[in-house]
Amino acid sequence: MLIDRQRGALLGLAVGDALGAAVEFQTPGSFAPVTGYRSGGPHRLAPGEWTDDTSMALALADSMVEVGWNLDDQANRYVAWRQTGRYSVNGRCFDIGIQTRRSLDRFRSTGDARTSGSRLSHESGNGSIMRLAPVAIRFAGLFPEDVARLAEFAAESSLSTHASPQCLSACRYLGVVLAALMHGVDRNAVLAASWPILALIECEPFHPELCSVVQGSFRDKHPPEIQGAGYVVRSLEAALWAFNDAPDFETAVLRAVNLGDDADTTGAVCGQLAGAWWGESGIPATWRQGLAQYEYISGLADRLIALS
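Just so you know, we're using the numbering used here here: the sequence shown kicks off at 815 and counts up by one.
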């Protein structure tokens, strides 16, 4: 069951990304509700094709499989994606975020991934939580005995592109939540504000805005207060709202992408959560079969799992 859930986290990321791609940047209510893959969107993708969220997750996963834990290598693979379209669904880089582009430019100048991501609070996009599943898969074995180390790996994975306190806090929290779900810890327990594990990863306190999400803001709000926005705190909140009480993977991810706006990333983050909980077996077969490069993505997941 653990392996099914580990595979589900990465495949769920890609499925959520692909479902949201066609309605990315569209305002809520301005489009026919998403019920499955569709073509079009700002990048004119075919049904089942995905965007930068999955490309960067694949680059991160490939780095860990090939060289272990090396932030500079991770950043070099992101640069390869940007420059040559490596890891892209169609051989070209598209949909790259402004923060990611600027951070990779800094990395190319300095060669130091630990200092290339912006630390400014107003530059706190969701570009690192969207790609996080490979870290939780690779280091799932650290849960629960060494959960603080797991959280640190999750935060470190963000440094190359998104290094603000909000982004680092969100990665620490989401990484541990994903690992717990993979291990089958009850969803309600994991998302509870009183979850004891949280005390073990708060050696560095969460950013106050992230604390409100951890305390359950996603349970108390509804659209339009819940927004599929690019700001990391709102993005994580929206994904948790969609996942929290959903009866299955399909319901959770469709809730997420139908928020519109940054729909592909909201879908990718929710897809990680839903995939980690319901596993690959919980993803509708038609979505698995219709996912672009399914065999490559699932094979990369298996290589990560072998290291975990």
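Glycine is no exception: its CB is placed at the ideal position from the N, C-alpha and C atoms.
Sequence-distant residues of the same chain with beta carbon closer than 7 Å to residue i, five excluded per side
i            : result
residue 1051 : 1027, 1031, 1032, 1040
residue 965  : 986, 989, 990, 1015
Element boundaries [alpha helix (DSSP H), containing residue i]
i            : result
residue 1089 : 1077-1092
residue 870  : 866-881
residue 1047 : 1046-1058
residue 1063 : 1063-1071
residue 1023 : 1022-1028
residue 895  : 885-898
residue 903  : From DSSP, residue 903 is part of no alpha helix (DSSP H); its letter is neither H nor E.
residue 827  : 816-835
residue 1034 : 1031-1034
residue 970  : 961-970
Of the listed residues the options, nearest to residue i (C-alpha basis)
i            : options              : result
residue 889  : 1090, 861, 1024, 929 : 929
residue 899  : 855, 1101, 1035, 872 : 872
residue 933  : 1024, 974, 954       : 974
residue 985  : 910, 963, 858, 1091  : 963
residue 819  : 982, 925, 948        : 948
residue 878  : 935, 999, 863, 968   : 968
residue 1105 : 847, 836, 864        : 864
residue 979  : 837, 1047, 1014      : 1047
residue 907  : 1007, 869, 1116      : 869
residue 972  : 938, 903, 1116       : 938
Nearest-angstrom Cβ-Cβ length linking residue i and residue j, presumed shorter than 8 Å
i            : j            : result
residue 1119 : residue 825  : No, residue 1119 and residue 825 are not in contact; Cβ-Cβ is about 12 Å, not under 8 Å.
residue 1053 : residue 1075 : Rounded, the Cβ-Cβ distance is 13 Å, inconsistent with contact.
residue 946  : residue 987  : Actually they are not in contact, since the Cβ atoms of residue 946 and residue 987 sit about 10 Å apart, beyond 8 Å.
residue 823  : residue 1060 : Actually they are not in contact, since the Cβ atoms of residue 823 and residue 1060 sit about 16 Å apart, beyond 8 Å.
Residue(s) in a DSSP beta bridge with residue i
i           : result
residue 976 : 932
residue 854 : 859
residue 939 : 1045
Cutoff 6 Å; reference residue i; Cβ partners in own chain excluding five residues on either side
i           : result
residue 991 : 1004
residue 771 : Summary: the structure shown does not reach residue 771, with the chain confined to residues 815 through 1122, and so no result is reported for it.
residue 983 : 1020, 1021, 1024
Neighbourhood of residue i by C-beta distance below 8 Å, restricted to the same chain and skipping five residues each side
i            : result
residue 1067 : 826, 829, 830, 833, 1056, 1081, 1084, 1085, 1088
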